[in-house]
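Participant:
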Amino acid sequence: MKLQLIGVNHKTAPVEVRESLAIPEWRLEEATRRLLEHPGVEECFVLSTCNRVEFTTSSEDGVDLRAFLGEYLAANGSAMEKHLYEYEDTHAVRHLFRVSASLDSMIVGEPQILGQVKQSYAIARAVGAVQSNLDTLLTRALSVGKRVRTETAIGSSAVSIASVAVELAKKIFGSLHGRNVYLVGAGKMSELAARHLRSHGAAAIFVANRTFERAVQMAAKVGGSAIPFERLYETADQADIVISSTGAPHAIFRREHGELFMQRRKNRPMFFIDIAVPRDVDQQIMQVDGIFVYDIDDLQQVVKSNASGREREAERAELLIEEEVIRYQRRLQSLDAVPAIIALQEHVEGIRQAEVERLRHRMGGFTLEQQAAIENLTRGLVKKILHPSITALKNASGGDQLTAMSELLHKLFGLELFASNGPNGKGNPEALSSMSPSEAERDQSSDPDNCASELAQKTNAGR
Amino acid sequence: MSLFWLRVAAGLYGISMVYGLIALLRRREILSRATLPIAAIALNLHFVALVEAFRSGSMASMPLHESESLLAFLMMFLFVAVYYLWGTTSPGIVVLPTAFLLTLSAALAQSAPRFASPLIRSGWIYTHVVLILAGYSALFFSLVASFLYLLHERSLKNKKLNGFAGKLPALETIDDIGYRLLLIGFPFMTLGLIAGSIIAQAQFGTAFMHDPKVVLSLLVWAVYIVLIYTRWSAGWRGRRAAVLAGIACVAALSAWAANYVSGMHRFIAR
Chain A
1 MKLQLIGVNH KTAPVEVRES LAIPEWRLEE ATRRLLEHPG VEECFVLSTC
51 NRVEFTTSSE DGVDLRAFLG EYLAANGSAM EKHLYEYEDT HAVRHLFRVS
101 ASLDSMIVGE PQILGQVKQS YAIARAVGAV QSNLDTLLTR ALSVGKRVRT
151 ETAIGSSAVS IASVAVELAK KIFGSLHGRN VYLVGAGKMS ELAARHLRSH
201 GAAAIFVANR TFERAVQMAA KVGGSAIPFE RLYETADQAD IVISSTGAPH
251 AIFRREHGEL FMQRRKNRPM FFIDIAVPRD VDQQIMQVDG IFVYDIDDLQ
301 QVVKSNASGR EREAERAELL IEEEVIRYQR RLQSLDAVPA IIALQEHVEG
351 IRQAEVERLR HRMGGFTLEQ QAAIENLTRG LVKKILHPSI TALKNASGGD
401 QLTAMSELLH KLFGLELFAS NGPNGKGNPE ALSSMSPSEA ERDQSSDPDN
451 CASELAQKTN AGR
Chain B
1001 MSLFWLRVAA GLYGISMVYG LIALLRRREI LSRATLPIAA IALNLHFVAL
1051 VEAFRSGSMA SMPLHESESL LAFLMMFLFV AVYYLWGTTS PGIVVLPTAF
1101 LLTLSAALAQ SAPRFASPLI RSGWIYTHVV LILAGYSALF FSLVASFLYL
1151 LHERSLKNKK LNGFAGKLPA LETIDDIGYR LLLIGFPFMT LGLIAGSIIA
1201 QAQFGTAFMH DPKVVLSLLV WAVYIVLIYT RWSAGWRGRR AAVLAGIACV
1251 AALSAWAANY VSGMHRFIAR
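These protein sequence lines map, in sequence, to chains A and B. My numbering puts the first residue of the first sequence at 1, with every later residue one more than the last. My numbering puts the first residue of the second sequence at 1001, with every later residue one more than the last.
#1: I'd like the span of the alpha helix (DSSP H) that includes E167(A), first residue to last.
#2: Does DSSP put M270(A) in a helix, in a strand, or in coil?
#3: For A226(A), which residues in the same chain have their Cβ closer than 6 Å to its Cβ, ignoring the five residues on either side in sequence?
#4: Should the stretch 172-184 of chain A be called in touch with the stretch 236-252 of chain A, which here means at least 3 C-beta pairs below 8 Å?
#5: Are the CB atoms of R352(A) and T378(A) nearer to each other than 8 Å?
#6: Within 8 Å (strictly less), CB to CB, does N180(A) reach chain B?
#7: Spell out whether any CB of chain A is found under 8 Å from the CB atom of A1234(B).
#8: Counting only the same chain and skipping the five closest in sequence on each side, list residues whose C-beta sits under 7 Å from that of M435(A).
#9: Say whether the stretch 1134-1152 of chain B touches the stretch 1167-1175 of chain B, bearing in mind that this needs 3 or more beta-carbon pairs closer than 8 Å, one atom from each stretch.
#10: Sorted by chain position, which residues of the same chain lie with C-beta nearer than 6 Å to F68(A)'s C-beta, five sequence neighbours on each side aside?
#11: Along the stretch 1171-1187 of chain B, where does the CB come closer than 7 Å to a CB of chain A? Name the residues.
#12: Closer than 6 Å by C-beta to E86(A): which residues in its own chain qualify, once you throw out the five before and the five after it? Chain order, please.
#13: Given this structure, state the Cα-to-Cα distance separating A129(A) from R34(A), to the nearest angstrom.
#14: Under the rule that 16 or more other beta-carbon atoms within 10 Å means buried, what is H257(A), buried or exposed?
#15: Pick out whichever of S1105(B), G1163(B), R1033(B), S1142(B) has its Cα sitting closest to the Cα of L1003(B).
#16: Would you say G1020(B) and G1092(B) are within 8 Å of each other, going by their C-beta atoms?
#17: Would you verify that the beta carbon of M286(A) is, or is not, closer than 8 Å to some beta carbon of chain B?
#18: Would you mind listing the alpha helix (DSSP H) stretches within the stretch 272-329 of chain A that are 4+ residues and don't spill past its ends, in chain order?
#19: What distance in whole Å lies between the Cβ atoms of A1248(B) and L1227(B), which are believed to be in contact at a cut-off of 8 Å?
#20: Name the residues in the stretch 244-274 of chain A whose C-beta lies less than 8 Å from a C-beta of chain B; which are they?
#21: Buried or exposed, going by whether 16 or more other CB atoms sit within 10 Å of the CB of T152(A)?
#22: Considering only their Cβ atoms, is the gap separating W1124(B) from A1195(B) smaller than 8 Å?
#23: For N133(A) and A1099(B), what's the separation of their Cα atoms in angstroms?
#24: Between the beta-carbon of L1045(B) and the beta-carbon of L1012(B), is there less than 8 Å?
#25: Taking only beta-carbon atoms, is I241(A) less than 8 Å away from chain B?
#26: Buried or exposed: which applies to W1236(B), given that a residue is buried once 16 or more other Cβ atoms fall within 10 Å of its Cβ?
#27: Helix, strand or coil, according to DSSP, for A226(A) in the structure here?
#28: Please report how far the alpha carbon of R66(A) lies from the alpha carbon of I341(A), in whole angstroms.
#29: Going by beta-carbon coordinates alone, are A1252(B) and V1214(B) separated by less than 8 Å?
#30: Just tell me which of R265(A), R27(A), R210(A) has its CA closest to the CA of A248(A).
#31: Grouping DSSP H, G and I as helix and E and B as strand, with all else coil, what is V130(A)?
#32: When you compare only the Cα positions, how much space is there between N395(A) and I321(A)?
#33: Given a threshold of 16 other Cβ atoms within 10 Å of its Cβ, counted over all protein chains shown, does R98(A) qualify as buried or as exposed?
#34: Within 10 angstroms of the Cβ of T403(A), are there 16 or more other Cβ atoms? Answer buried if so, exposed if not.
#35: Given that a residue counts as buried once 16 or more other Cβ atoms are within 10 Å of its Cβ, and exposed if not, what is F418(A)?
#36: Does the Cβ-Cβ distance between A1023(B) and M1076(B) come in under 8 Å?
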């Protein structure tokens, strides 16, 4: 089996290229079908988000994915060429794991990608493009994504000014439902922050600005109400969160205002977000109990520390991914050992049955009790004797070891089946392709492919 | 058997405490998931221990150790209740060790001293003790909440968002917990004092008012009222609430320990 992946993402291609490649949701099914019809493709999977478009295929001997792209896009294949990346086998596995763990995202740790992978998987499955091989891989990729999310804190912190403002407000107020927001000054950034707060449940938004018309405009934009600047101090105590961004040369909110507000608010906390430079909120106000002030530097500091926290977590996540890739390879290998294991079991079971039959013949039949006892005894013996060999086969890592093991079994048990193990067996243990059963096995054993896929499906169902 | 269950409960509280405290130091929440189930099991066993002690009559005398056990039980009950209502285990940082030590002290008591006064056989005394201790537990929780509030407030003001304070619930949530528990605890405290007065009145006449324990209890009650009033009318929280709750708790603690100086509460016949 050969696993291939081709695509573009935000790192390799500018948005114009990604746009031209992007496949809208409603066309995803058709695209998947088209890819499935491409010569040589056995299974396939198409992922398209705003930051990436990727085509994954599983085939017998590899397919020309670039040709498919040229065909599918019907033109300018060469313009695309330099933005494309391709991965095969283990590298493709790792890439898919990293994508669904959001390590390959533009904002590392963002949560949408897992859902997008899941959706594309569902579509490919519905079309019949995902069967045993890709099914194993994709369900694994999804659970790796989930694992990274739960075991690392990669997605747990805010990394933009607006989201940090929301995060801080939540640390003070808990839920933002029913909280009032006051915009002092009508800048772009305060608009953004206000929108963010609103989307997290903030209730009323007041806007005050030196020029009243600007306040009215802004109020209309964010769905709030404009308040004349002269009435600022009368009304500010109604706000739980004040976002200040005026161009005033002096502080607008000083300690005495803070004390006044707190008195009127019965000491309910108040959160000032001061994104103006020079600052609108005097540092002295911090000495009033219940007033919290974060200026632009403080917010940026939080962003920075969150981002570096994410980086640290991303490193941990990468280790997790490596572990999962190795585990996945191991599993594929134990699947590859399945035909050998079955052959071995059948061989010994044949001997056992023949011996039991011989004994029955010699003794002129058994009583039911004897029959049961003999069956139990011989089965137990066979099982115990075979157990270490089967475990060794399952654990054999890489084609080389598997080949050596097979040869050894051939010598020990005289199994003709293992006599020839094709050149595949000598392949690079890193590559997944080397783990497929050789042609020789395929001819002689009883349909090993079916067996392997059955096993794969069983393990999938068990998950 | 009561003592056996109490000891098992004490051990489980200890384990729960260790898990809880470790969870506070770690980033991940996996360990803290063990804290609650273990605490809940311990709470049930503790309840069994209390019921058995009650039925065997050793509770009747309400010696110090039994009231320790009861107080710990009520605190743990509140701890679990707070978790179910607000989804936070953070009061555990103070409550778990306190409850553990109280239970441990009760569990290690070899034999309970007994008082043979017929008075204490009456149901009133149980009512009195349980109500008062429920009031104390709520008060203690409120103090813990104020303390956590202060901690969180300081970390937010100093812009130190990581570390322990980063794991606390939102400031307003902590405040809500503290205030509500005060409101819940107050009627218990009041009714407990009334029940106590009725017993004492019947037994000692008006002289009971001079007993040091009674005086302290009234002080606790008074501070309790001040706490609720200032929170309700002026929204006192954080530092000021912590100071008040601290005074109330010290008074409560003295009142509780005052059994040693209170002739009446040792049921010495006059």
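Don't be surprised by glycine CBs; every beta carbon is placed ideally from N, CA and C.
Facilitator: Judging by the given coordinates:
#1: Taking the first residue of the first sequence as 1, we reach residue 167(A) at position 167. First-last of the alpha helix (DSSP H) with E167(A): 161-173.
#2: Position 270 of the first sequence holds residue 270(A). It is a strand residue.
#3: Translated into positions along the first sequence, residue 226(A) becomes position 226. Once the five neighbours on either side are set aside, the close Cβ partners of A226(A) are V207, A215, V216, A219.
#4: yes
#5: Your numbering for residue 352(A) matches position 352 in the first sequence. Your numbering for residue 378(A) matches position 378 in the first sequence. Yes, they are a contact pair.
#6: Residue 180(A) sits at position 180 when you count from the first residue of the first sequence. Answer no: the Cβ-Cβ gap between N180(A) and chain B never drops below 8 Å.
#7: Here residue 1234(B) is taken as the residue at index 234 of the second sequence, counted from 1. It does: the Cβ of A1234(B) has a partner Cβ on chain A nearer than 8 Å.
#8: Position 435 of the first sequence holds residue 435(A). With a pLDDT of only 35 at M435(A), under the threshold of 50, the placement of this residue in the model should not be trusted, and no figure is reported.
#9: yes
#10: One-based indexing of the first sequence puts residue 68(A) at position 68. So the list reads H38, once near-sequence residues are dropped.
#11: L1171, E1172, T1173
#12: Position 86 of the first sequence holds residue 86(A). Result list for E86(A): I6, in chain order.
#13: As a working mapping, residue 129(A) is identified with position 129 in the first sequence. As a working mapping, residue 34(A) is identified with position 34 in the first sequence. Using only the alpha carbons, I get a separation of about 10 Å.
#14: Working through the first sequence from its first residue, we reach residue 257(A) at position 257. That one is buried.
#15: In the second sequence, counting from the first residue as 1, residue 1003(B) sits at position 3. The candidate whose alpha carbon is nearest that of L1003(B) is S1105(B).
#16: On the second sequence, residue 1020(B) is found 20 positions in, with the first residue counted as 1. On the second sequence, residue 1092(B) is found 92 positions in, with the first residue counted as 1. Yes, the Cβ-Cβ distance between G1020(B) and G1092(B) is below 8 Å.
#17: For the purposes of this step, residue 286(A) is taken as the residue at position 286 of the first sequence. Taking Cβ atoms only, chain B reaches closer than 8 Å to M286(A), which makes this a yes.
#18: none
#19: Working through the second sequence from its first residue, we reach residue 1227(B) at position 227. Working through the second sequence from its first residue, we reach residue 1248(B) at position 248. So it is a contact: roughly 6 Å between Cβ atoms.
#20: R265, K266, N267, R268, P269
#21: Along the first sequence, one-based indexing puts residue 152(A) at 152. Buried is the call here.
#22: Along the second sequence, read from residue 1 onward, the residue named residue 1195(B) stands at position 195. Along the second sequence, read from residue 1 onward, the residue named residue 1124(B) stands at position 124. Going by C-beta atoms, A1195(B) is nearer than 8 Å to W1124(B).
#23: Translated into positions along the first sequence, residue 133(A) becomes position 133. Translated into positions along the second sequence, residue 1099(B) becomes position 99. Roughly 56 Å between the two C-alpha positions.
#24: For the purposes of this step, residue 1045(B) is taken as residue 45 along the second sequence, with counting starting at 1. For the purposes of this step, residue 1012(B) is taken as residue 12 along the second sequence, with counting starting at 1. Yes, the pair counts as a contact, with Cβ atoms nearer than the cut-off.
#25: Residue mapping note: residue 241(A) aligns to position 241 of the first sequence, counting from 1. Not closer than 8 Å to any Cβ of chain B, the Cβ of I241(A) fails to qualify, so no.
#26: Translated into positions along the second sequence, residue 1236(B) becomes position 236. Classification of W1236(B): buried, given that the 10 Å Cβ count is 16 or more.
#27: As a first step, residue 226(A) is located in the first sequence; it is residue number 226 there, counting from the start. Strand.
#28: Here residue 66(A) is taken as the residue at index 66 of the first sequence, counted from 1. Here residue 341(A) is taken as the residue at index 341 of the first sequence, counted from 1. If I take the Cα positions, the gap works out to 39 Å.
#29: If you number the second sequence from 1, residue 1252(B) lands on position 252. If you number the second sequence from 1, residue 1214(B) lands on position 214. The answer is no: Cβ separation not under 8 Å.
#30: For the purposes of this step, residue 248(A) is taken as residue 248 along the first sequence, with counting starting at 1. Considering only alpha carbons, the answer is R210(A).
#31: Stepping through the first sequence from its first residue, residue 130(A) is reached at position 130. Coil, per DSSP.
#32: Position 395 of the first sequence, counting from 1, holds the residue named residue 395(A). Position 321 of the first sequence, counting from 1, holds the residue named residue 321(A). One C-alpha to the other measures close to 21 Å.
#33: Along the first sequence, read from residue 1 onward, the residue named residue 98(A) stands at position 98. The residue in question, R98(A), is buried, as its Cβ has 16 or more Cβ neighbours within 10 Å.
#34: Here residue 403(A) refers to the residue found at position 403 when the first sequence is read from its first residue. Buried, by the Cβ-count rule.
#35: What you label residue 418(A) is simply residue 418 of the first sequence in a count that begins at 1. Per-residue confidence for F418(A) stands at a pLDDT of 42, beneath the threshold of 50, marking its modelled position as unreliable; no derived number is given.
#36: For the purposes of this step, residue 1023(B) is identified with residue 23 of the second sequence, where counting begins at 1. For the purposes of this step, residue 1076(B) is identified with residue 76 of the second sequence, where counting begins at 1. Not a contact, by the Cβ cut-off of 8 Å.
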